[in-house]
Amino acid sequence: MIIYEVNLTISEEVYDAFITWLKPHIQEMLELDGFESAQLLQHIDTNNYKKIELSVRYRVKNEACLDQYLTHQAKAMRGKALPQFQGKFQASRKVLAIMDEFFSIRPRHSFL
1034 MIIYEVNLTI
1044 SEEVYDAFIT
1054 WLKPHIQEML
1064 ELDGFESAQL
1074 LQHIDTNNYK
1084 KIELSVRYRV
1094 KNEACLDQYL
1104 THQAKAMRGK
1114 ALPQFQGKFQ
1124 ASRKVLAIMD
1134 EFFSIRPRHS
1144 FL
């Protein structure tokens, strides 16, 4: 399993419109072969009050699926944000391999 992480820094002035655009974009990414799930995360430890930082973490089945995306679809998918938001956001990307996963063995308690 591969994690494809997109880190975004978005100007506060376009944040609402960017989120409105981003959520369907994530769904569109999940239609690609091998893209199995995604998490949209907001950074809470930032001191940058004029910009908002987010991460999108996609779980991708394997490197072959990610390579297929990067080679054939990434340029078009990345370009979809430019007409509306050019100069108003920055993106960087990481590719991570899951080495192992660990889960709590404690019983979960419901406080509701």
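Per our numbering, numbering through the sequence shown is continuous, rising by one, with the last residue being 1145.
Even glycine gets a Cβ: it sits at the ideal position worked out from N, Cα and C.
Contact annotation: L1073 and A1124 have beta-carbon atoms that are not nearer than 7 Å. Secondary-structure assignment with DSSP links N1095 through no beta bridge to anything. Taking C-beta atoms as the reference points, L1099 and Y1037 count as a pair closer than 7 Å.
In the structure shown, A1071 adopts extended strand secondary structure according to DSSP, grouped into three states. Counting along the chain, the unbroken alpha helix (DSSP H) around L1115 starts and ends at 1115–1118.
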